[in-house]
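These notes concern the structure reproduced below.
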Amino acid sequence: MSPTVADLLLALTDLLFLARIRAAAEALGLTVERATTPEEVLKRAQATRPAAIIFDLHEKRLDPLRTLAEVKANASLRGIRTIGYFSHVRDDVRERALRAGCDLVLPRSVFVAQLVERLSEIAADRTRAPSVE
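First residue of the sequence shown: 43, per my numbering; consecutive thereafter.
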C-alpha cells in the first residue's frame, strides 16, 4: 500500500488564512492537510509527504521555528519545501526562520499577494514529480 500524499501541509491555526489558502490550493487541484501542533506537523509530514509545508511564523502554539528546524533536521523530511510568512515589522523572525532552514520567508502581505503564484509553482512541481508507488 502506498503512503497517503498531500500537496500542502498548513501549519497554522488562523481559520481565515486556512480558508484563503485552501480555496486557492483546491482551485489549482492541490490537496491540503492541516496541523495545529508541532507533533502533528511532524506526524502528518511523515504520513503524507507534502510537496510543501506553509508555516505561520507567529503561531505560538506551533512553535514554528523549532518545528521548522526539526523538519529540516529529519533526513526523510528535509527535502520538503517550506514557506513561512511573518509580520513585516518583525524582521528578526525572518532571520531566525532562515537560520532554521525555511526555504522561503515572506512578509504576510507579500505572501498573500503571491499566494496563487507560489501555489501554482507547487502544483507544477507536483505534476512533474514521479508518482509514489
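Heads up, the beta-carbon is just placed ideally off N, CA and C, and yes, glycines get one too. Please read these numbers as outputs of a predicted model, since none were measured by experiment.
What are the boundary residues of the beta strand (DSSP E) that I95 is part of? On the sequence shown, position 53 is the one that residue 95 refers to. Unbroken beta strand (DSSP E) run through I95: 94-98.
Could you tell me the alpha carbon to alpha carbon distance between R120 and R160, rounded to whole angstroms? Within the sequence shown, residue 120 is the residue found at index 78, counting from 1. Within the sequence shown, residue 160 is the residue found at index 118, counting from 1. Between the C-alpha atoms of R120 and R160 there is a straight-line separation of about 19 Å.
Residue range of the unbroken alpha helix (DSSP H) whose run includes R64: Within the sequence shown, numbered from 1, the residue matching residue 64 stands at position 22. 57-69 is the extent of the alpha helix (DSSP H) around R64.
How far does the alpha helix (DSSP H) with R107 in it reach, from first residue to last? As a position in the sequence shown, residue 107 is number 65, starting the count at 1. The question names Arg, yet the displayed sequence has Leu at residue 107. Looking at the DSSP string, the run of the alpha helix (DSSP H) that includes L107 is 106-115.
Burial state of R76, where buried means 16 or more other Cβ atoms lie within 10 Å: On the sequence shown, position 34 is the one that residue 76 refers to. With 16 or more other Cβ atoms within 10 Å, it is buried.
Residues near S162 in its chain [Cβ-Cβ closer than 8 Å; skip 5 each side]: If you number the sequence shown from 1, residue 162 lands on position 120. Answer for S162: L70, listed in chain order.
Are the Cβ atoms of A94 and R123 separated by less than 8 Å? Against the sequence shown, residue 94 aligns to sequence position 52. Against the sequence shown, residue 123 aligns to sequence position 81. For A94 and R123, yes; Cβs fall inside 8 Å.
Per DSSP, the bridge partner or partners of R123: Indexing the sequence shown from 1 puts residue 123 at position 81. Under DSSP, R123 forms a beta bridge with A94.
Counting only beta-carbon atoms, is L119 nearer than 8 Å to chain B? In the structure shown, chain B does not exist; there is a single protein chain.
Rank T78, L72, E68 by C-alpha distance to the C-alpha of L57 and give the top, closest one. Locating residue 57 in the sequence shown gives position 15, where the first residue counts as 1. Cα-wise, what sits closest to L57 is T78.
Tell me which residue opens and which closes the alpha helix (DSSP H) that R136 is part of. Taking the sequence shown and counting its residues from 1, the one referred to as residue 136 is at position 94. Here the alpha helix (DSSP H) through R136 covers 133-142.
Cβ distance (whole Å) where V83 is taken to contact T109 below 8 Å: Your numbering for residue 83 matches position 41 in the sequence shown. Your numbering for residue 109 matches position 67 in the sequence shown. 5 Å between Cβ atoms; contact.
Can you list, in chain order, the residues of its chain whose CB lies under 8 Å from that of L140, leaving out five sequence neighbours each side? In the sequence shown, counting from the first residue as 1, residue 140 sits at position 98. V147, listed in sequence order.
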